[in-house]
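Participant:
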Amino acid sequence: MNYAGTWSWPHAGRNLRRGVTMAKTMKGLAVSALVAVIMAFGHASPAKAAEGAASHYLPGAAGDILIAQPPKPGWLAGAMLWYQAGDVNRAVLQGRVNFSLDLDLFLAIPSATYTFEQSVLGGTYTVGIAVPFGYANLDSRLDFPILGVREASEDSFDLSDMVFTPVQLNWTVGSFSFKLAENIIAPTGGYDTSDYVNLGRNYWSFDTVAAVSWFHAKTGTGVDLAPGIMVNTENDKTDYKTGTEFHLDFTANQFLSESFAVGIKGYWYQQISGDSGSGAVLGDFKSEAFGIGPGFVWIPKSAGGGLTVLGKWIHDFHAKNRFDSDYFTLAAGWKF
Numbered sequence: 005m006n007y008a009g010t011w012s013w014p015h016a017g018r019n020l021r022r023g024v025t026m027a028k029t030m031k032g033l034a035v036s037a038l039v040a041v042i043m044a045f046g047h048a049s050p051a052k053a054a055e056g057a058a059s060h061y062l063p064g065a066a067g068d069i070l071i072a073q074p075p076k077p078g079w080l081a082g083a084m085l086w087y088q089a090g091d092v093n094r095a096v097l098q099g100r101v102n103f104s105l106d107l108d109l110f111l112a113i114p115s116a117t118y119t120f121e122q123s124v125l126g127g128t129y130t131v132g133i134a135v136p137f138g139y140a141n142l143d144s145r146l147d148f149p150i151l152g153v154r155e156a157s158e159d160s161f162d163l164s165d166m167v168f169t170p171v172q173l174n175w176t177v178g179s180f181s182f183k184l185a186e187n188i189i190a191p192t193g194g195y196d197t198s199d200y201v202n203l204g205r206n207y208w209s210f211d212t213v214a215a216v217s218w219f220h221a222k223t224g225t226g227v228d229l230a231p232g233i234m235v236n237t238e239n240d241k242t243d244y245k246t247g248t249e250f251h252l253d254f255t256a257n258q259f260l261s262e263s264f265a266v267g268i269k270g271y272w273y274q275q276i277s278g279d280s281g282s283g284a285v286l287g288d289f290k291s292e293a294f295g296i297g298p299g300f301v302w303i304p305k306s307a308g309g310g311l312t313v314l315g316k317w318i319h320d321f322h323a324k325n326r327f328d329s330d331y332f333t334l335a336a337g338w339k340f
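Here the sequence shown is numbered in the numbering used here, starting from 5 and rising by one per residue.
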């Protein structure tokens, strides 16, 4: 996935000032940043459909603007701060059924991408990496008819699962840009079956992502769609295999000036195959969710177009067998 899209915006800003079609420039990190975010989400959540009522997919992580825009050759460094507050009625956590769960998650996601000057298949070729880490707190509550209320709380500060993007290809045709990428989320984060809160998920995920972006240079209006399919391996510590997941990130932005844009950001998530394995004690559940909210993009003129700052809030309006959450992100990227 790619926050990278955001970091490519410095070039977009310059295009606006020159009256040039944005499609001619691109974001070099969209792959890595987004990947990082995706991986990070595999962290600390208990399981409902999708183990822990969550997965390696991170809502809205595909990017904030011009998600498919090709990056300019060279290095792109970025960092994202992520906060999630959510709750779920029941979930399978470390092989045990838990009820009334409340999650607070804070993540820092540094990432880097490199875009090669040589074209591949007529497009721009980029590789990337993201290394998330953070803090999570999980509270659980169970009401017994006779024994009364029983509550528990646990927290953790640790590394989350790393994201690698071995290939990201971008193309531009007129006012449209296209992207195809493969993100690999590795089980490198902290994980222990004796803990209720883990920032790692102890399984691999392979996320194939496509994206299309449209930008009208004269009006400063842009629209993005980024669908993806994530395939997961089994967690060998819990014998739980999260089913295959479909996700769609979307954005619509309007520049109010050469350096500032506002818009809406959202996502749709649908698990297309059920969970399996002896650890899936709640059965063949499938998760689904939908969220949307406001966001902004700022390209400070004082930074010469090399810096991009982005923020958003996404509120879940529907969540089934998954944490019903609010997501807040603040990201920055620097092209050099």
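No residue lacks a Cβ here, since even glycine has one placed at the ideal position from N, Cα and C. Quick caveat: nothing in here was measured; it's all calculated off a predicted structure.
Alpha carbons only, please: which of 128, 119 and 138 is nearest the one belonging to residue 112?
Facilitator: Of the candidates 128, 119 and 138, the one whose C-alpha sits nearest the C-alpha of residue 112 is 138.
Participant: Can you give me the Cβ contacts of residue 234 inside the same chain, cut-off strictly under 6 Å, excluding the 5 residues immediately before and after it?
Facilitator: If we look at residue 234 and ignore the five residues flanking it on each side, its Cβ neighbours are 61, 209, 211 and 249.
Participant: Let's test the definition: count the other Cβ atoms within 10 Å of the Cβ of residue 154 and tell me whether it reaches 16, buried, or not, exposed.
Facilitator: With fewer than 16 Cβ atoms within 10 Å of its Cβ, residue 154 is classed as exposed.
Participant: Heavy atom of the ligand SAH less than 7 Å from the Cβ of residue 294, yes or no?
Facilitator: Looking at this structure, you won't find the ligand SAH or any other ligand, since it has none at all.
Participant: Could you spell out the range, first to last residue, of the beta strand (DSSP E) harbouring residue 226?
Facilitator: Residues 225-236.
Participant: For residue 205, write down the residues that DSSP places opposite it in a beta bridge.
Facilitator: The partner list for residue 205 (beta bridge, DSSP) is empty, contrary to what the question assumes.
Participant: Leaving out five residues before and five after residue 158 in sequence, what residues of the same chain have Cβ atoms less than 6 Å from its Cβ?
Facilitator: 142, 200 and 201.
Participant: Is DSSP giving residue 306 helix, strand or coil here?
Facilitator: In this structure, residue 306 counts as helix in the three-state DSSP scheme.
Participant: Go to residue 258, then tell me how far its beta strand (DSSP E) extends in each direction, as first and last residue.
Facilitator: From DSSP, the beta strand (DSSP E) with residue 258 extends over 249-259.
Participant: For residue 236 versus residue 207, is the C-beta spacing smaller than 8 Å?
Facilitator: Yes.
Participant: Examine the Cβ distances between the region 74-81 and the region 302-312 and report whether three or more of them are shorter than 8 Å.
Facilitator: Touching, no, given that fewer than three Cβ pairs across the two stretches are closer than 8 Å.
Participant: Name the DSSP beta bridge partners of residue 83, please?
Facilitator: In DSSP, residue 83 forms a bridge with 114 and 336.
Participant: Taking C-beta to C-beta, are residue 271 and residue 67 nearer than 8 Å?
Facilitator: Cβ distance not < 8 Å, so residue 271 and residue 67 don't count as in contact.
Participant: Please report the distance separating the alpha-carbon of residue 216 from that of residue 183.
Facilitator: Taking the straight line joining both Cα atoms gives about 6 Å.
Participant: Short of 8 Å in beta carbon distance, which residues of its chain neighbour residue 305, apart from the five on each side in sequence? Order them along the chain.
Facilitator: Within the same chain, residue 305 has close Cβ partners 262 and 263.
Participant: Would you mind working out which of 338, 334, 275 and 324 sits nearest residue 298, comparing C-alpha positions?
Facilitator: Minimum Cα distance to residue 298 is reached at 334.
Participant: So, at 7 Å on beta carbons, what are the nonlocal neighbours of residue 281 in its own chain, with the 5 sequence-adjacent residues on each side left out?
Facilitator: Once the five neighbours on either side are set aside, the close Cβ partners of residue 281 are 238, 243, 244 and 245.
Participant: In this structure, how does DSSP classify residue 265 when only helix, strand and coil are distinguished?
Facilitator: DSSP places residue 265 in strand when its eight states are reduced to three.
Participant: Using the beta-carbon count (16 or more within 10 Å), is residue 177 buried or exposed?
Facilitator: Label assigned to residue 177: exposed.
Participant: Comparing alpha-carbon positions, which option in 324, 265 and 167 lies nearest residue 204?
Facilitator: Out of 324, 265 and 167, 167 has the C-alpha closest to the C-alpha of residue 204.
Participant: Among 126, 339, 161 and 330, which residue has its Cα nearest to the Cα of residue 193?
Facilitator: Among 126, 339, 161 and 330, the Cα nearest to that of residue 193 belongs to 161.
Participant: In the DSSP assignment, what are the bridge partners of residue 133?
Facilitator: Per DSSP, 116 and 168.
Participant: Quick one: what's residue 294 bridged to in DSSP?
Facilitator: Answer by DSSP bridge pairing, in chain order: 272 and 322.
Participant: State the DSSP-derived secondary structure class of residue 144, mapped to helix, strand or coil.
Facilitator: Correct three-state label for residue 144: strand.
Participant: Which of the three DSSP states is assigned to residue 88 in this structure?
Facilitator: Here residue 88 sits in strand by DSSP.
Participant: Give me, in chain order, the residues of the same chain whose beta-carbon lies closer than 6 Å to that of residue 225; leave out the 5 immediate sequence neighbours on both sides.
Facilitator: Cβ within range, chain order: 258.
Participant: From residue 24 to residue 293, what does the alpha carbon distance come to, in whole angstroms?
Facilitator: For residue 24, the predicted structure reports a pLDDT of 34, less than 50, and the residue's modelled location is therefore unreliable. The matter cannot be settled from this model.
Participant: Taking the alpha-carbon of residue 316 as reference, which of 332, 290 and 156 has the nearest alpha-carbon?
Facilitator: Residue 332 is the option with its Cα nearest to residue 316.
Participant: Pull up the distance between the alpha-carbon of residue 241 and that of residue 122, whole angstroms please.
Facilitator: One C-alpha to the other measures close to 43 Å.
Participant: Going by Cα to Cα distance, which pick from 91, 125, 87 and 124 is closest to residue 109?
Facilitator: Nearest C-alpha to residue 109: 87.
Participant: For residue 118 and residue 131, what's the separation of their Cα atoms in angstroms?
Facilitator: Going by the C-alpha atoms only, they are around 6 Å apart.
Participant: Rounded to a whole number of angstroms, what is the C-alpha to C-alpha distance between residue 135 and residue 128?
Facilitator: Taking the straight line joining both Cα atoms gives about 24 Å.
Participant: Per the DSSP calculation, residue 78 is bridged to which residue(s)?
Facilitator: Paired residue(s): 119.
Participant: Based on Cα-Cα distance, which residue from 326, 185, 83 and 329 lies nearest to residue 116?
Facilitator: Of 326, 185, 83 and 329, the residue nearest in Cα terms is 83.
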